[in-house]
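S.K.:
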């Protein structure tokens, strides 16, 4: 087995496993059940797409896909931070509503 054949086989196996991981993350994103599960699934999908870009760049011998992976990593990081801040504020509001039951009774 030559090194070129081994590299080709390793890339094909890698691409298959990355797509399998992407499918599992998509299932978790759709099923949930909580917001935290969906955020983690979305972050996992971002990481698997970044790894797909890296492996595909090696497969096609095209380094421009690595630039796409870097930009996607930056955007994915910002999206994860934004979703985490949203979830934190949402949970703080729910905790405040639970802590002050008189407010809910006076509103209704």
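Numbering (the numbering used here), first residue to last: -2 to 105. Even glycine gets a Cβ: it sits at the ideal position worked out from N, Cα and C. No experiment lies behind these values; they were computed from the predicted model shown.
1. With DSSP collapsed to three states, give me the class of residue -2.
2. If we ignore side chains and look at the alpha-carbon of each, how far apart do residue 73 and residue 48 end up?
3. Going by C-alpha to C-alpha distance, which of 26, 28, 53 sits closest to residue 14?
4. Suppose you measure from the CA of residue 10 to the CA of residue 69; what does that come to, to the nearest Å?
5. Taking buried to mean at least 16 other C-beta atoms within 10 Å of its own C-beta, is residue 81 buried or exposed?
6. For residue 38 and residue 22, which I take to be in contact (beta-carbon distance under 8 Å), what is that distance rounded to the nearest angstrom?
M.R.: On the basis of the coordinates in this document:
1. coil
2. 13 Å
3. 53
4. 23 Å
5. exposed
6. 5 Å
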